[in-house]
Amino acid sequence: MSSTWIDLSNLKKPLRFNEFSVNFNTDLYNAKPLPSDIQKKLDEKWNELLNDAKQGRILYNESKFRLHSIETRTNDNNNSIQLILNLGLTDYKSFICTQQQSLPDDIRQHIKEDHLSHPLGVGCLLITSDDYIVLIKRSSACIDLPNMYDIPGGHAEPRNLTTYSKENIIEEIISSTIAECVDETNVDRNSLLIDSFFFVIAVVRNQPQYGRPAIEFCLRTSMTSNELQQRYDLQTHIEANETSELKFWPLDKISHLLNSSQTFLSITPACHVALTTYLQLRTKANNEYVQKNNSTNCLTVDEEAMVLRYYELQLKDFCEKFEPPMTKMAIAVCMQYFKRFYLNNSVMDYHPKDIYLICVYLTCKTEELRIPITDFLSNIKNSSNLDQTADILLSYELLLIEKLNFQLVIHTAYRPFEGLIIDLKVRMSFI
């Protein structure tokens with residue numbers, strides 16, 4: 419499927435959303451008019467489609483930006499790339515009639531490259547905070563690719579602008595991309611990480627649709643997949659009638675989604691090329707990072723296990739010397755918190771010296787060892803800055819709870835044994 423698309427930009431890395439520019443010129447970049455007799459036949463075709471739209475199909479005409487060509491300029495000093503879009507004007511009717519519909523040969527032979535509409539589409543790979551890609555299922559009422567899974571997308575709208583300045587057009591492309599995410603998924607706009615994670619990943623053309631262009635973005639939201647699903651189910655978004663459901667796909671399983679033999683989902687060509695490009699850029703970035711950062715700077719699995727074992731002993735020693743004394747069950751709970759945390763996290767990301775103190779502090783709460791933080795800090799003998807340590811404890815306590823998936827109840831081996839002792843004491847009192 420991806421071979422039907424051409425990546426015009428061939429970006430070496432994602433571009434910040436403000437690292438592209440436009441040249442707007444209707445004289446240079448508009449489509450050439452068709453012969454009047456051919457245009458008349460296309461008008462008749464459009465009217466037929468409008469009649470079908472009365473039966474529930476979504477179809478209407480609006481002006482669009484026409485992508486004539488692109489340019490890329492590289493700054494050799496800092497290896498940065500600027501992407502330039504050469505734009506004119508067209509409309510959706512021209513696209514449907516010249517590029518989306520199957521036409522008889524006696525009409526198609528008169529339509530050359532310069533006559534094609536080439537409306538610039540926008541698409542956005544929306545990623546949730548728990549690393550799921552957001553897919554929308556296009557409604558059966560959509561005239562273009564109904565009932566297929568897609569990424570949020572649409573078109574920048576020239577009608578929203580009073581003047582076609584470069585700055586206004588760029589702002590419209592960006593704002594329309596954001597609006598499509600909001601209008602099609604009901605994602606909270608305030609949750610979109612526009613300033614920190616909003617990138618251009620490709621400018622592509624769809625060959626089966628005679629080179630239909632689109633600029634593909636990638637954007638993250640601070641919402642989880644469950645939170646977004648709940649908002650979508652409210653059906654309060656503007657374009658609720660254009661989609662029938664949301665599907666969330668794990669970010670680390672993109673390759674499965676792209677392999678039709680491993681999934682039952684039918685995705686649009688635009689979705690396929692956006693995911694393919696994102697996967698390629700991500701793989702390339704990972705490889706470059708590994709090459710740039712010598713592997714000797716990273717711990718091996720055995721070395722990481724050795725570090726953890728050392729701090730497990732430090733943790734056990736700290737708990738045994740803790741004042742007021744901790745019960746054996748509390749010590750066991752604390753050890754479990756520490757071990758569970760590093761099941762899914764690395765010592766290279768979170769220093770065990772900080773984490774084991776937070777585990778002890780959290781255990782004091784869950785095991786009802788009520789102790790003020792000042793008394794807790796008095797147990798730390800080798801800290802040069804107790805105020806800083808207190809800030810770390812309070813700041814990262816929630817992080818620890820989240821990484822433990824809020825599963826704070828630990829059924830230690832001491833619990834049934836303690837129950838047995840209590841039972842024996844009760845029974846012995848009656849003998």
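First residue of the sequence shown: 419, per this note's numbering; consecutive thereafter.
The beta-carbon is built from N, C-alpha and C at its ideal position, and this holds for glycine as well.
Tell whether a beta-carbon distance below 8 Å holds between residue i and residue j.
i	j	result
PHE887	VAL618	Since the first residue shown for the chain is 419 and the last is 849, residue 887 is missing from the structure and cannot be characterised.
GLY506	ARG526	no
LEU534	VAL440	no
GLY571	VAL552	no
HIS573	LEU610	no
ALA808	LEU795	yes
PHE756	LEU733	yes
MET641	VAL605	yes
ILE776	TYR729	no
ILE828	GLN709	no
LEU697	THR639	no
LEU831	LEU787	The question names Leu, yet the displayed sequence has Ala at residue 831. In this structure, LEU787 does not lie closer than 8 Å to ALA831 by Cβ.
LYS431	ALA703	yes
VAL765	VAL725	yes
PHE666	TYR567	no
ALA620	ASP425	yes
LEU675	GLN647	no
LYS463	CYS542	no
Express the C-alpha separation of residue j and residue i in angstroms, rounding to a whole number.
i	j	result
THR661	CYS636	20 Å
LEU842	PHE835	11 Å
VAL691	PRO522	29 Å
TYR510	SER481	6 Å
MET744	PRO668	42 Å
ASN578	GLU590	8 Å
SER421	GLN500	Confidence at SER421 is low in this model, with a pLDDT of 47, below 50, so its placement is unreliable and the value that follows should be read with caution. Approximately 26 Å between the Cα atoms of the pair.
MET419	THR694	Low confidence applies to MET419: its pLDDT is 44, below 50, so where it sits in the model is not reliable enough to give any reading.
ASN608	ILE789	39 Å
ARG649	ASN565	21 Å
GLN518	ASN428	25 Å
GLU489	ILE685	29 Å
ARG623	PRO451	22 Å
ASP651	ASP548	19 Å
ASN715	GLU598	43 Å
ILE529	THR595	30 Å
ILE819	PRO687	41 Å
ILE612	PRO742	49 Å
TYR628	ASP562	15 Å
GLN825	GLU575	48 Å
ASP455	ASN465	16 Å
PHE616	GLU634	11 Å
ARG758	THR784	16 Å
ASN469	GLU706	54 Å
GLY837	CYS782	21 Å
LEU761	LEU822	10 Å
ASP767	VAL719	14 Å
PHE682	ASN644	22 Å
PRO631	HIS536	6 Å
Does DSSP put residue i in a helix, in a strand, or in coil?
i	result
LEU775	helix
SER640	coil
MET419	Because MET419 sits at a pLDDT of 44, beneath the cut-off of 50, its placement in the model cannot be relied upon, and the point is left open.
GLY669	A small fix is needed here, since residue 669 is Leu in this sequence, not Gly. Of the three classes helix, strand and coil, the one that applies to LEU669 here is helix, per DSSP.
PRO834	helix
ASN632	Inspection of the sequence shows that residue 632 is occupied by Ala rather than by Asn. DSSP places ALA632 in strand when its eight states are reduced to three.
LYS482	strand
ILE619	strand
ASN624	strand
LEU787	coil
THR654	coil
ILE592	helix
ASP841	helix
LEU405	This structure cannot speak to residue 405, because the chain is shown only from 419 to 849.
ASP767	coil
ILE828	coil
SER487	strand
LEU429	coil
ASN448	coil
LEU460	helix
LEU610	strand
At what residues does the beta strand (DSSP E) containing residue i begin and finish?
i	result
PRO687	Here PRO687 belongs to no beta strand (DSSP E); instead the alpha helix (DSSP H) covers 687-710.
ILE502	498-509
SER796	Unbroken run through SER796: none, as it is neither H nor E.
Note the first and the last residue of the continuous alpha helix (DSSP H) segment covering residue i.
i	result
GLU439	The residue you asked about is not Glu; residue 439 is Ser in the sequence shown. First-last for SER439: 438-442, but that is the beta strand (DSSP E), not the alpha helix (DSSP H).
MET747	746-759
SER813	804-821
ILE525	523-526
GLU720	In the sequence under discussion, the amino acid at residue 720 is Asp, which differs from the Glu named in the question. Element bounds for ASP720: 719-738.
Please decide whether residue i counts as near chain C, where near means a Cβ-Cβ distance under 8 Å.
i	result
PHE617	The chain inventory of the structure shown lacks chain C, comprising one protein chain alone.
Going along the chain, which unbroken runs of the alpha helix (DSSP H) with 4 or more residues stay wholly within the stretch 529-587?
With a minimum length of 4 residues, no continuous alpha helix (DSSP H) run stays inside the stretch 529-587.
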